[in-house]
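Below: one structure, written as structure tokens.
Residue numbers (our numbering): 13 to 117.
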């Protein structure tokens, strides 16, 4: 099953680095980087706010475990946001292209 995975990053350089690593490792077919995200969250008993970049990662359930492990290894946050949602529908051509990038039959 194809997945859309969300991951926030502290800045553009880290976002670009993570995106390139995921695509190079064939764990993501494509990663969109959305700058200018503002996150408000609870951390260590306080309400925090930070500017971030959001990664929209297109992958597949078969690659998820490796993708999550690589993100955790490379990400600077103690607890990076890694949330996966199933892609239930999409252009057949696009989904076929995704699978070919990820070496999924």
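Just so you know, even glycine gets a beta-carbon here, dropped at the ideal spot from N, CA and C. All values derive from a computational prediction rather than experimental measurement.
Report yes if the C-beta distance between residue 34 and residue 82 is below 8 Å; otherwise report no. For the 8 Å CB-CB criterion, residue 34 and residue 82 form a contact.
Residue 78 to residue 28 span [Cα, whole Å]: Rounded to the nearest angstrom, the two C-alpha atoms are 19 Å apart.
Taking only runs that begin and end inside the region 70-100, name each unbroken beta strand (DSSP E) of 3 or more residues, in chain order. When DSSP assignments are scanned along the region 70-100, the uninterrupted stretches of beta strand (DSSP E) that are 3 or more residues long and fall wholly within it turn out to be 95-98.
By Cβ distance below 6 Å, which residues in the same chain neighbour residue 101 in space, the five residues on each side in sequence not counted? Counting only Cβ-Cβ distances below 6 Å, and skipping sequence neighbours, we find nothing.
Cβ-based burial, residue 14 [other Cβ within 10 Å; buried from 16]: By the neighbour-count criterion, in which a residue is buried when 16 or more other Cβ atoms sit within 10 angstroms of its Cβ, residue 14 is buried.
Is the CB-CB distance between residue 18 and residue 99 below 8 Å? Cβ atoms of residue 18 and residue 99: not closer than 8 Å.
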